[in-house]
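Everything below concerns the one structure shown next.
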Amino acid sequence: MSEHSHRPLHLLLHQDRQRRVEIRQIHHCVPALSNYNLSGVCVVNVVQIWNGISNIFSIVGPFISDTYLGRFRTLLFGGISSLLTFVYIQTNFAIPSCCLAFSIVIFLLGRHTYICKKPQGSIFSDIAKVIVAAFRKCNVQASGRTFYNPASTSEEEELENKEIVWKERFQFLDKAAIIIADPRELNEQGMARNAWRLCSLQQVEHFKCLLGILPVWVTGICCFIVHFWVLQLVQTDRSIGPHFKVPPGWMNLISMIALSSWIFIYECVYIPLVGKLSIKAPRLARKQRIRIGILLSILCMLVAAIVKKKRRDSALKHGLNEAFAAVSIMEFFTLKMPESMRTVAGAVFFLSLSIANYMGSLIVNIVHKITSINGKTSWIGGHDLNQSRLDCYYYVIAAMGGLNFIYFNLFACRYCAMTTSKQRHNKSIQMLSENELNQMMRRRSWI
């Protein structure tokens, strides 16, 4: 690609970096502790639920983008609405507001270089149609049947359909694309009369792609559970010199710096060096990177349990966990899906973050309730974390990470292998081409 073709990518990456810096500077734990005098468990519940709601709304963005506004307008309106929210809040948010405003300006500078596609409809409605159509034909036998595969209406659809590979798994969903001898199936042009009775094979395969990433998606949830480290930083000596004290929320930037540093070292140092010294592929396999990320998440909890006060090392390891696990899982989601579902891949990733937040809140409440039975001092209760047994809590999370590592190696890693075959036909399936549709329409006497 030429330097000019990389310009839109550079602008988008810069806009995303500024937005992340702005978000990382904000943390709800500090005002919840200082202004409302909440205990550690209450603060964690409030922050986790808020983060869960924020991440779960990532599903709304792709729906609006794919159905109504398109990606460019959705990004623009989302950035402007966020900026207006910060301006309304005003107090102590000047730096984040400036970063967000600067990111919007950078994004608009490249508006003439972006390729803006018209909204094609949401994948979520197609998923609902496939489920309903497959349920209606649950008693139909798939063997020897003809499947509905209409011709592409544009070059973009044709290129995308070539990337879709028919898979033998989840074959019960293939019934949604079976053409039966019923006048309600096809019209005179050979198109489906009712999209809730007959779906195209492409719609079915899109749903299969989404189901195929679920095992790896579950693995990512345990890696992203958020913990007490910001609350601990409030009670830590954060002074640098006699006149400056680091805000607790700024420690979020450590993981971001570690993530960016590792990606730079991996892409610019490790891969070229190993490529010169070895004839083997220098890149780590996706399964290896996810395994390393899970192990780093376990190591992060063990370090937090053993050395509770030295949080910077743990924050650094959390950033490396993101560099391995989060980046690899996001890459897996993106490459596993066709072009029209790339926005859904991002939404699914942030949905895992949302569930991780809710799981973290649930685990905290369960541990607090169990350890405070019969008037005992809870591991994670109270305002003073120095009196709590956070080390035991972190050991519990590390044990859950160990179970997650076993689950990934025994089951989920099988779904990490990417299909390299570009064949869309299989000997056990018959798909209906445009010519066959016309011939069928001429032979049909039951309409």
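Going by my numbering, the sequence shown opens with residue 433, and the numbers climb by one from there.
Every residue gets a Cβ at the ideal spot worked out from N, C-alpha and C, and that includes glycine.
Spatial neighbours of residue i in its chain, beta-carbon cut-off 6 Å, leaving aside the 5 residues before and after
i	result
Tyr827	Ala737
Pro494	Thr775, Val776 and Ala779
Gln635	Asp558 and Val562
Gln621	none
Met433	Note that Met433 scores a pLDDT of 39, beneath 50, so its modelled location is shaky; the value from the coordinates is reported in the next line. Nothing listed; no residue qualifies.
Lys426	With the chain running from 433 to 879 in the structure shown, residue 426 is simply not present.
Ile611	Thr578, Tyr580 and Glu617
Ile645	Phe765 and Lys768
Ala788	Ile653, Phe656 and Ile657
Ser692	none
Gln480	Asn789, Gly792 and Ser793
Proximity to residue i [Cα-Cα], best of the options
i	options	result
Cys824	Asn483, Met733, Phe765 and Ala758	Met733
Gln573	Lys607, Tyr580 and Val796	Lys607
Ala757	Ser772, Leu794 and Leu716	Leu716
Ser554	Phe782, Ile838 and Ile496	Ile496
Ser820	Met832, Gly834 and Thr803	Thr803
Ala884	Ile657, Gly834, Pro647 and Trp628	For the chain, the structure presents residues 433 to 879; residue 884 sits outside this window and is missing.
Ser476	Val796, Asn806, Phe556 and Ile724	First, the residue type needs correcting, since residue 476 is Val and not Ser in the sequence shown. The candidate whose alpha carbon is nearest that of Val476 is Val796.
Met832	Glu699, Ile730, Ile538 and Ile611	Ile730
Phe571	Phe604, Thr506 and Phe639	Before going on, a small fix: residue 571 reads as Asn here, not Phe. Nearest of Phe604, Thr506 and Phe639 to Asn571, Cα basis: Phe604.
Phe556	Lys640, Asn806 and Ile695	Lys640
Thr499	Ile798, Cys530, Ser772 and Cys700	Ser772
Glu637	Gly834, Glu600 and Ser692	Glu600
Val492	Ile481, Trp482, Gln480 and Thr506	Thr506
Tyr698	Pro647, Val759, Cys531 and Gly834	Val759
Leu728	Arg568, Phe843 and Gly834	Gly834
Residue i, buried or exposed, once every other Cβ within 10 Å from all chains shown has been counted against 16
i	result
Trp649	buried
Leu618	buried
Thr852	Note that Thr852 has pLDDT 38, beneath the 50 cutoff, so the model's placement of it is unreliable and the number below is only indicative. Its Cβ having fewer than 16 others within 10 Å, Thr852 is exposed.
His544	exposed
Ser810	buried
Glu454	Because Glu454 sits at a pLDDT of 49, beneath the cut-off of 50, its placement in the model cannot be relied upon, and the following sentence gives the value as read from the coordinates. Buried.
Cys655	buried
Lys741	Only weak support is given to the placement of Lys741: the predicted model assigns it a pLDDT of 47, under 50, and the question is left unresolved by the model.
Ala613	exposed
Leu541	exposed
Pro405	Outside the shown range of the chain, which is 433 to 879, sits residue 405, and nothing can be said about it.
Ile412	Residue 412 lies beyond the residue range present for the chain, which begins at 433 and ends at 879; the question has no answer from this structure.
Cβ-based neighbour list, residue i, same chain, cut-off 7 Å, excluding 5 preceding and 5 following
i	result
Leu643	Phe602
Ala565	Ala608, Trp628, Arg629, Leu630 and Cys631
Met791	Ile653 and Ile657
Ser784	Trp649, Gly652, Ile653 and Phe656
Arg568	Arg629
Asn806	none
Cys700	none
Continuous alpha helix (DSSP H) stretch holding residue i: start and end
i	result
Phe843	Note, Phe843: premise wrong, no alpha helix (DSSP H); not H, not E.
Ser729	Arg718 to Ile738
Ile611	Looking at the DSSP string, Ile611 is not in any alpha helix (DSSP H), and its letter there is neither H nor E.
His638	Leu633 to Gly644
Asp558	Ile555 to Arg568
Asn789	Arg774 to Thr803
Glu763	Val759 to Lys768
Ile496	Val492 to Ile496
Gly707	Ile703 to Leu709
Whole-Å CB distance - residue i paired with residue j, under 8 Å assumed
i	j	result
Thr651	Ile722	7 Å
Ser786	Asn487	4 Å
His800	Val473	5 Å
Ile726	Asn626	In fact, because the Cβ distance is near 45 Å, the residues do not count as touching under 8 Å.
Lys550	Gly502	7 Å
Leu508	Phe539	7 Å
Phe782	Ile761	Going by Cβ atoms, the distance from Phe782 to Ile761 rounds to 11 Å, so no, they are not a contact pair.
Pro674	Phe843	So it is not a contact: roughly 55 Å between Cβ atoms.
Run of the beta strand (DSSP E) containing residue i, from where it starts to where it stops
i	result
Thr578	Thr578 to Tyr580
Cut-off 8 Å between Cβ atoms - residues of its own chain near residue i, not counting five sequence neighbours on either side
i	result
Ile829	Ile657, His659, Met733 and Ile795
Asn841	Arg723
Tyr839	Val650 and Thr651
Met623	Pro582
Glu763	Arg718
Residue i at chain C interface by Cβ criterion, 8 Å
i	result
Lys569	Protein chain content of the structure displayed is limited to a single chain, and chain C is not contained in it.
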